[in-house]
Amino acid sequence: MLVLKFGGTSVGSIENMNNVRSIINDGTQKIVVLSAMSGTTNALVEISEQLNAGDRDNALELIEELLVKYAQVIEDLLQNKQLKEEVSKYVLSVYETLIEQTKSKYNELVHNTIVAQGELLSTFIFSRFLIQEGINAVLLPALDFMRVDQQHEPDSFYIQQNLNRIIDDNQQADIYITQGFICLDVQGQISNLQRGGSDYTASIIGAAIQAEEVQIWTDIDGFHNNDPRYVENTTAIQKISFDEAAELAYFGAKICIHKPLCRLEI
Ligand code: ADP
Ligand code: ASP
Ligand code: MG
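Residue numbers (my numbering): 16 to 281.
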């Protein structure tokens, strides 16, 4: 089985969601890990920070803005009446969860609950979009199998046991969608694998199911010779060894494997 991870920009617009749909819909069974839609995690972090600073009014305003954004996504993406209603209800439940957090005493759990909502939203919406498009997709909640231990390291045994059981129970699906980034901590409370953690989720899943390949898709045409956000005229590297890739990644490069532009040789 393949594991494909798509980042925030890949699910950040209707056009990009359509691109992801055509990439994953090739008839082979796969697990698709999604990040939150671009901008969402930053907005959630901002809500959490406002609450931490005691500015509830500002947090409420930001929550309303997020709700408006998602109302538009639903409007643009879903035409099927039943699926539209289902997603609207889900978005409303996320909204209520956020409002609830604004009434709680601020702590780490409040923060983790808030920042988890981005991946919960993107995966719910995208899975229902695939169903609307006639694709046999099933949403596998990451919180049913992704857990870290006392040291905040992936609990490999727990993850392997639970994920493989859940996949066995859902053999009929062509595409499994799950959330990157979020997990349970050792106490079973909602937590995360830190910013940018969806790539890590994909690797953990790949190891747990002994996947043939883990592909990290993003918004650029390959593994460049430098970070294009800081350096002009960078170019995609056609071939790179695992050690070189690891070294670049260590210094902050983001790795991607984009057919046919860049091949990561391992
Ligand atoms: P995603 O939202 O898909 O997780 P990221 O923002 O984490 O994507 O990473 C993709 C970005 O990484 C690219 O848009 C690019 O600006 C940047 N990047 C940094 N270093 C490199 C590199 N060596 N090759 C390609 N992209 C890089
Ligand atoms: N959504 C999370 C973040 O923005 C995780 C991820 O995208 O990898 O950090
Ligand atoms: Mg990322």
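Glycine is no exception: its CB is placed at the ideal position from the N, C-alpha and C atoms.
May I have the straight-line CA-CA distance separating residue i from residue j, to the nearest angstrom?
{"i": "residue 116", "j": "residue 45", "result": "35 Å"}
{"i": "residue 26", "j": "residue 139", "result": "12 Å"}
{"i": "residue 237", "j": "residue 155", "result": "29 Å"}
{"i": "residue 77", "j": "residue 256", "result": "44 Å"}
{"i": "residue 226", "j": "residue 242", "result": "29 Å"}
{"i": "residue 286", "j": "residue 124", "result": "Residue 286 is absent from the structure shown; the chain starts at 16 and stops at 281."}
{"i": "residue 212", "j": "residue 129", "result": "16 Å"}
{"i": "residue 132", "j": "residue 17", "result": "26 Å"}
{"i": "residue 231", "j": "residue 207", "result": "19 Å"}
{"i": "residue 70", "j": "residue 52", "result": "25 Å"}
{"i": "residue 110", "j": "residue 74", "result": "12 Å"}
{"i": "residue 228", "j": "residue 118", "result": "44 Å"}
{"i": "residue 192", "j": "residue 252", "result": "30 Å"}
Looking at the secondary structure, which residues open and close the beta strand (DSSP E) in which residue i lies?
{"i": "residue 21", "result": "17–21"}
{"i": "residue 108", "result": "Here residue 108 belongs to no beta strand (DSSP E); instead the alpha helix (DSSP H) covers 96–118."}
{"i": "residue 207", "result": "205–207"}
Taking only three categories from DSSP, how would you classify residue i?
{"i": "residue 126", "result": "helix"}
{"i": "residue 218", "result": "helix"}
{"i": "residue 6", "result": "Nothing about residue 6 can be reported from this structure: the residues present for the chain run from 16 to 281 only."}
{"i": "residue 251", "result": "strand"}
{"i": "residue 154", "result": "strand"}
{"i": "residue 148", "result": "coil"}
{"i": "residue 228", "result": "strand"}
{"i": "residue 163", "result": "strand"}
In the DSSP output, which residue or residues are listed as bridge partners for residue i?
{"i": "residue 193", "result": "48"}
{"i": "residue 199", "result": "162 and 205"}
State the start and end residues of the unbroken alpha helix (DSSP H) segment that holds residue i.
{"i": "residue 86", "result": "71–92"}
{"i": "residue 176", "result": "171–184"}
{"i": "residue 31", "result": "29–39"}
{"i": "residue 62", "result": "55–67"}
Taking 8 Å as the cut-off, is the beta-carbon of residue i closer than that to any non-hydrogen atom of ligand 4?
{"i": "residue 242", "result": "Ligand 4 is absent from the structure shown, which contains only ligand 1, ligand 2 and ligand 3."}
(message) Can you confirm whether the segment 85–100 touches the segment 160–172 when touching is taken to mean that 3 or more C-beta pairs between the two stretches lie within less than 8 Å?
(response) no
(message) Measuring CB atoms only, is the segment 28–43 touching the segment 136–153, in the sense that at least three cross pairs come out at less than 8 Å?
(response) yes
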